[in-house]
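Residue numbers for the sequence shown follow the working numbering, so the first one is 17 and each next one is one higher.
Glycine included, C-beta positions come from ideal geometry on N, C-alpha and C.
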Amino acid sequence: MTQEFDAIVIGAGVSGLYSLYRLRELGLSARVFEAGTDIGGTWYWNRYPGARFDSESYSYQYSFSQELLDEWEWSEHFSAQPEIERYLHFVADKFDLKRDVQLNARVANVKYDDAAKCWDLETTDGLRARARFVICATGLLSAHQFPDYPGVDSFKGVSLHSARWPKTPVDFTGKRVGIIGSGPTAVQIIQSIAPECAHLTVFQRTANWCTPLRNRPITPDEQQELKKNAHEIFDLCKRTWAGFIHEPDPRAGVDVPKAERLARYQALYERGGFSLWLGNYSDSFMSRIIADEVAEFLADKIRARVKDPVLAEKLIPKSHTFGTKRCPGEKNYYETFNRENVTLVDLRETPITKITPTGIETVNGTQDLDIIIYATGFHSVTGELLRIDIRGEQGTSLQQHWSDGPKTNLGVQFAGFPNLFAIMGPHNPALFCNITRCVESNVDWIIGCIRYMREHGFKSIKTTTEAENAWTERCYESAKGLLIDEMRDSWFFGSTNPDGIRGHFLLFAGGVPEYRRIFADVAAKGYEGFELS
Ligand code: NA7
Numbered sequence: 017m018t019q020e021f022d023a024i025v026i027g028a029g030v031s032g033l034y035s036l037y038r039l040r041e042l043g044l045s046a047r048v049f050e051a052g053t054d055i056g057g058t059w060y061w062n063r064y065p066g067a068r069f070d071s072e073s074y075s076y077q078y079s080f081s082q083e084l085l086d087e088w089e090w091s092e093h094f095s096a097q098p099e100i101e102r103y104l105h106f107v108a109d110k111f112d113l114k115r116d117v118q119l120n121a122r123v124a125n126v127k128y129d130d131a132a133k134c135w136d137l138e139t140t141d142g143l144r145a146r147a148r149f150v151i152c153a154t155g156l157l158s159a160h161q162f163p164d165y166p167g168v169d170s171f172k173g174v175s176l177h178s179a180r181w182p183k184t185p186v187d188f189t190g191k192r193v194g195i196i197g198s199g200p201t202a203v204q205i206i207q208s209i210a211p212e213c214a215h216l217t218v219f220q221r222t223a224n225w226c227t228p229l230r231n232r233p234i235t236p237d238e239q240q241e242l243k244k245n246a247h248e249i250f251d252l253c254k255r256t257w258a259g260f261i262h263e264p265d266p267r268a269g270v271d272v273p274k275a276e277r278l279a280r281y282q283a284l285y286e287r288g289g290f291s292l293w294l295g296n297y298s299d300s301f302m303s304r305i306i307a308d309e310v311a312e313f314l315a316d317k318i319r320a321r322v323k324d325p326v327l328a329e330k331l332i333p334k335s336h337t338f339g340t341k342r343c344p345g346e347k348n349y350y351e352t353f354n355r356e357n358v359t360l361v362d363l364r365e366t367p368i369t370k371i372t373p374t375g376i377e378t379v380n381g382t383q384d385l386d387i388i389i390y391a392t393g394f395h396s397v398t399g400e401l402l403r404i405d406i407r408g409e410q411g412t413s414l415q416q417h418w419s420d421g422p423k424t425n426l427g428v429q430f431a432g433f434p435n436l437f438a439i440m441g442p443h444n445p446a447l448f449c450n451i452t453r454c455v456e457s458n459v460d461w462i463i464g465c466i467r468y469m470r471e472h473g474f475k476s477i478k479t480t481t482e483a484e485n486a487w488t489e490r491c492y493e494s495a496k497g498l499l500i501d502e503m504r505d506s507w508f509f510g511s512t513n514p515d516g517i518r519g520h521f522l523l524f525a526g527g528v529p530e531y532r533r534i535f536a537d538v539a540a541k542g543y544e545g546f547e548l549s
């Protein structure tokens with residue numbers, strides 16, 4: 017049996033839940049299909065020890081309901097995964113969203129029916145649905161990936177991926193644990209579990225520039241202030257280039273005396289979160305002088321915190337300067353390596369040759385382990401969309417359409433895929449944008465577009481190929497002149513994605529205010545660059 021709706025949403029995370037709320041408000045019938053056994057998306061899957069926000073809790077929360085803002089209180093400046101998951105359930109229950117969410121429903125394919133001008137969806141279990149509109153709320157870091165070392169499946173102990181963490185807590189007591197990866201996820205895990213393990217071996221390929229998170233409980237006085245200023249916080253996020261609460265000094269760092277610059281780095285280091293990354297100087301992302309100086313500032317901190325100088329040098333990134341990748345937020349991460357029970361294996365010196373039934377083999381021999389943790393990231397941005405067989409007009413697959421890199425208009429539509437929208441697909445500013453802030457504005461734009469179509473009697477919207485090419489080119493241009501463009505070994509460029517995607521800049525780096533302005537402009541011009549029929 018095929019169920020019929022006005023709109024189908026794929027994914028019940030932050031963006032899927034908000035889409036459902038807005039679609040209902042518009043009076044549309046909608047159904048969310050979610051692969052997980054529960055709602056929450058990223059915050060459902062990534063339940064590993066130490067998982068928490070890298071955005072301040074109050075800048076990440078939804079802004080759309082005053083009641084919600086009044087009723088919910090965050091306990092910490094950077095709340096942990098269990099609290100975030102509770103929040104999303106609180107939202108879903110408050111707005112009675114769960115009755116329209118189909119859980120355990122992994123979408124296998126979505127096909128456009130040219131004659132009926134509708135989309136047909138099928139899940140891996142054979143559930144079928146049809147709708148005029150499809151909203152892909154599949155997330156940008158959802159398609160987790162394992163490294164392609166031989167023998168990954170042969171390990172006889174416990175294998176865990178950070179993005180598929182079990183619901184029952186893992187007991188590390190007395191266990192020999194190996195973790196592959198040293199990105200933001202690995203940093204959170206390593207600093208959390210090290211005290212529990214009998215021994216923890218960290219297999220690091222690339223060190224990262226970690227900055228202190230400085231998480232702490234929100235005091236009752238702070239709580240009051242945060243509630244009073246909730247909308248000011250959201251407005252600030254709309255104004256800043258990176259969509260966060262951190263505002264850089266408007267001066268170029270190179271115009272400021274060196275002593276003053278160093279004092280600012282220290283103050284930002286003490287403030288925590290992304291302050292040093294996003295709140296530095298206006299030229300931080302362009303000036304190699306400033307980036308290298310911050311890198312040297314942080315390298316000195318690492319040298320001061322790690323007792324063994326050889327080990328400290330291994331933890332100092334050598335392949336990229338500060339700011340060209342997201343910086344992991346840490347608490348005692350560097351001190352963790354002073355522990356007797358923690359070892360670092362530098363994979364640049366001693367590469368992994370294979371995973372064996374008993375552990376991890378490098379060119380130096382085998383390390384026997386009870387547990388292997390893969391904190392090896394994702395097929396970023398395009399991964400989850402391409403796991404679904406999406407076929408548009410005349411049966412053209414998204415895979416074919418993107419065989420030479422993703423092409424989108426504004427990140428929300430793809431030519432030849434009418435009435436299909438993506439929220440956090442390629443070419444949105446999520447590189448820096450605080451996710452919920454960008455989710456809310458993208459969903460509001462999509463809903464505004466559907467409302468406009470209904471008011472004007474249009475049944476179909478699709479981007480023109482010209483507008484798609486222009487936006488795609490604009491995204492590539494947006495990275496030019498930024499230091500991130502020189503460091504292509506990151507998820508911004510799909511470094512672990514398959515051929516065809518890897519190497520293309522997957523995001524928009526023109527800044528959140530510019531992105532919002534362009535969206536508003538396109539809508540004000542009757543959806544310029546889109547064909548309505
Ligand atoms: P990331 O940032 O993509 O990090 C993945 C890590 O896994 C990184 O250290 C990689 O090293 C490492 N990796 C990937 N493949 C391998 C192989 N084959 N061998 C060894 N090491 C490997 O993902 P995260 O989950 O940490 O963070 C994602 C986002 O979540 C982050 O930006 C925050 O926004 C929150 P590499 O650097 O490629 O050498």
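- Straight across, the Cα-Cα distance linking A539 with S81 is about 24 Å.
- Around the CB of N425, 16 or more other CB atoms lie within 10 Å, so the residue is classed as buried.
- Here T479 is bridged, per DSSP, to F546.
- With a cut-off of 8 Å, the C-beta of F546 is classified as distant from the ligand NA7, since no heavy atom of the ligand falls inside that distance.
- For F149, the pairing in a beta bridge is given by DSSP as A23.
- Within the stretch 105 to 161, the runs of beta strand (DSSP E) at least 3 residues long that lie entirely inside it are, in chain order, 123 to 129, 134 to 139, 144 to 152.
- In terms of Cβ geometry, W225 and P333 form a close pair [threshold 9 Å].
- Counting C-beta pairs closer than 8 Å gives fewer than three between the stretch 48 to 63 and the stretch 209 to 228, which falls short of the contact rule.
- Under the rule that a run must span 4 or more residues, the alpha helix (DSSP H) segments found entirely inside the stretch 173 to 230 read 200 to 209.
- Annotation: Y74 to T227 spans about 20 Å, alpha carbon to alpha carbon.
- Only buried fits M440, as 16 or more other CB atoms lie within 10 angstroms of its CB.
- By the Cβ test, the stretch 140 to 150 is not in contact with the stretch 388 to 401, since fewer than three Cβ pairs between them sit closer than 8 Å.
- It is roughly 43 Å from the alpha-carbon of A96 to the alpha-carbon of K133.
- Here the stretch 467 to 485 does not lie against the stretch 357 to 373, with fewer than 3 beta-carbon pairs under 8 Å apart.
- Less than 9 Å separates the beta-carbon of S396 from that of N513.
- Setting aside the 5 residues that flank it on each side, T139 is surrounded in the same chain by F49, A121, R122, V123, A124, each with a C-beta closer than 7 Å to its C-beta; the list follows chain order.
- Note on geometry: alpha-carbon atoms of R518 and G510 lie some 5 Å from one another.
- Around the beta carbon of I206, a 10 Å sphere encloses 16 or more other beta carbons of the protein chains shown; the residue is thus reported as buried.
- Here the alpha carbon of L294 sits roughly 41 Å from the alpha carbon of E471.
- Relative to the ligand NA7, the beta carbon of G519 is positioned no closer than 8 Å to any heavy atom.
- With 16 or more neighbouring CB atoms inside 10 Å of its own CB, R47 falls in the buried class.
- DSSP links L436 through a beta bridge to V150.
- With a contact defined as Cβ atoms closer than 8 Å, T452 and V30 qualify at about 6 Å.
- Bridge pairing for K370: E377 [DSSP].
- Judged by DSSP secondary structure, L39 falls within the alpha helix (DSSP H) whose first and last residues are 30 to 41.
- When the five nearest sequence neighbours on each side are left out, the beta carbons in the same chain lying within less than 6 Å of the beta carbon of S178 are those of Y64, T201, A391, in order along the chain.
- Of all C-beta pairs linking the stretch 486 to 495 to the stretch 410 to 428, three or more are shorter than 8 Å, placing the two stretches in contact.
- The continuous beta strand (DSSP E) containing T359 extends over residues 358 to 362.
- Y349: member of the alpha helix (DSSP H) spanning 349 to 352, first to last residue.
- In this model, D109 and R192 are separated by some 41 Å (Cα to Cα).
- For G345, DSSP records a beta bridge to T227.
- Non-local C-beta neighbours of S175 in its own chain, meaning closer than 6 Å and more than five positions away in sequence, comprise I388, ordered along the chain.
- Judged by pairs of C-beta atoms under 8 Å, the stretch 525 to 539 touches the stretch 241 to 258, as three or more such pairs exist.
- Here the C-alpha atom of Y60 lies approximately 13 Å from the C-alpha atom of L157.
- Annotated as proximal: F338 and A307, with beta-carbon spacing under 9 Å.
- For D54, the secondary structure class from DSSP, reduced to helix, strand or coil, is coil.
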